[in-house]
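Step one of this worksheet: look at the structure below.
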Amino acid sequence: MSPLHRLGRWIGEHLVLALGILVLIYMFVPIAIVALMSFNDPSSRNVYKFDGFTLHNWLNPCEPSGMCSSVVRSIEIGLLATLVATILGTLAAFALVRHRFAGRGPLNTLIILPMAAPEIVLGSSMLALFVSAGFGGKLGFVTIFIAHVTFCLSFVIITVRARLSGLDDNLEQAAMDLYATENQTFWRVTFPLVFPGIMGAALLSFSLSFDDFIITNLNAGQTVTFPMYVWGVAQRGIPMQVNVIGTAMFLIAVVIVVGNEVARRRQSKVAA
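Going by this note's numbering, the first residue of the sequence shown is number 1141, and it counts up by one from there.
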């Protein structure tokens, strides 16, 4: 085998791995910079020049006026929107997968539209709806919540529907053959199998809600969420505590994902 042939074979075998590593580096470098800057002690308006190490930002996360209240507001809206969207979306996914009814095909297509439409279109449409319904001077927490539930629903339905579509019907039939009732089959077989999809949809919904700016900005009124706070202070210099919040949210997400994976492996070992 010639050296060129061996080189081509080695590249073919390791190209996918190399590209995967490059993509991961590309994704995690910005996160690493945010984590680094959470310990920065800037001495000028150039807040993204690392001037010195300090724990002050972590010890005083609420020092910038209004930041922590905006974080709490984003968490409240995110949790409520996630809860409602997850419940409604899960029920809708079961209906679309397990039942046949008139208009089922077009409805499957319509569900994708909020995901495919630009956020500026969805946000302005929601604003027009609220104004026409008489909420023009009452925009705030409630209107943000309704708007977030609207765009989170599509993601929940599609995620749970994908999980349900891949579910083996024989497992439920086997449970009912062993004299399990419909309720017992659902709670002891179906729901545990679908639960990872529901949990994934809930985490995705919360992330989308907490992170949203365009739709929120159009329907917020005087209410300030965390993304809106960051946008507002960007003109005069972003406080380093913003990086603390970003790093903390990332670490919480890592803990949830790792904890779920550890629990899954333990269950697999017990089942084996």
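Positions of the beta carbon are idealized from the N, C-alpha and C atoms, including for glycine.
- Message: Going by beta-carbon coordinates alone, are S1294 and I1355 separated by less than 8 Å?
- Response: Mapped onto the sequence shown, residue 1294 falls at position 154. Mapped onto the sequence shown, residue 1355 falls at position 215. The answer is no: Cβ separation not under 8 Å.
- Any beta-carbon of chain C closer than 8 Å to the one on Q1362? Included in the structure is just one protein chain, with no chain C present.
- Message: Does F1190 pass the burial test, meaning 16 or more other C-beta atoms within 10 Å, or should it be called exposed?
- Response: Taking the first residue of the sequence shown as 1, we reach residue 1190 at position 50. F1190 comes out exposed.
- Query: Is F1281 helix, strand or coil by DSSP?
  - Reply: Translated into positions along the sequence shown, residue 1281 becomes position 141. Helix, per DSSP.
- Task: Quick one: grab the DSSP three-state call for N1180.
- Result: Position 40 of the sequence shown, counted from the start, is the residue given in the question as residue 1180. Note: N1180 maps to strand in three-state DSSP.
- Task: Pair every Cβ in the stretch 1284 to 1299 with every Cβ in the stretch 1218 to 1229, then say whether three or more of these pairs are closer than 8 Å.
- Result: yes
- Per-residue DSSP class, three states only, for F1193: On the sequence shown, position 53 is the one that residue 1193 refers to. It is a strand residue.
- Task: Taking the CB atoms as reference points, tell me whether A1360 and L1279 lie closer together than 8 Å.
- Result: Position 220 of the sequence shown, counted from the start, is the residue given in the question as residue 1360. Position 139 of the sequence shown, counted from the start, is the residue given in the question as residue 1279. Yes. Within cutoff.
- Query: Which residue's Cα is closest to the Cα of L1343: E1401, G1386, G1218?
  - Reply: Taking the sequence shown and counting its residues from 1, the one referred to as residue 1343 is at position 203. The shortest Cα separation from L1343 among E1401, G1386, G1218 belongs to G1218.
- Message: Once the 5 residues before and after L1262 are set aside, which same chain residues still bring their CB inside 7 Å of it?
- Response: Walking along the sequence shown from the start, residue 1262 turns up at place 122. Correct list, in chain order: P1254, F1291, I1355.
- Nearest neighbour of L1236, chosen from W1198, R1303, I1284 [CA to CA]: Counting from 1 along the sequence shown, the entry for residue 1236 is found at position 96. Answer by Cα proximity: R1303.
- Rounded straight-line distance, which links the Cα of Q1362 to that of A1403: In the sequence shown, residue 1403 corresponds to position 263, counting from 1. In the sequence shown, residue 1362 corresponds to position 222, counting from 1. Each residue's Cα considered, the two are about 43 Å apart.
- By DSSP, does E1203 sit in helix, in strand, or in coil? Your numbering for residue 1203 matches position 63 in the sequence shown. Coil at E1203, not helix or strand.
- Task: Identify, in the order they occur along the chain, each residue of the same chain with its Cβ nearer than 6 Å to the Cβ of R1213, setting aside the five sequence neighbours on each side.
- Result: Along the sequence shown, one-based indexing puts residue 1213 at 73. Only T1365 meet the Cβ criterion.
- Same chain only: Cβ atoms within 6 Å of A1232, ignoring 5 sequence neighbours per side: Numbered from 1 along the sequence shown, position 92 holds the residue referred to as residue 1232. I1297, listed in sequence order.
- Task: Give every residue of the same chain whose Cβ lies closer than 7 Å to the Cβ of H1288, excluding the five residues on either side of it in the sequence, and list them in chain order.
- Result: By 1-based counting over the sequence shown, the position of residue 1288 is 148. Contacts found: I1217, A1221, S1349, D1352.
- Task: Inspect the beta-carbon positions of P1201 and V1384 and report whether they are closer than 8 Å.
- Result: As a first step, residue 1201 is located in the sequence shown; it is residue number 61 there, counting from the start. As a first step, residue 1384 is located in the sequence shown; it is residue number 244 there, counting from the start. Yes; because the gap between Cβ atoms is below 8 Å, this pair is in contact.
- Every unbroken alpha helix (DSSP H) inside the stretch 1302 to 1385 [4 residues or more]: 1309 to 1317, 1322 to 1325, 1331 to 1351, 1354 to 1359, 1366 to 1373
- Contacts around G1386, its chain only, beta-carbon distance under 6 Å, and the 5 residues preceding and following it disregarded: Locating residue 1386 in the sequence shown gives position 246, where the first residue counts as 1. For G1386, where only same-chain residues beyond five positions count, the Cβ hits under 6 Å are V1174.
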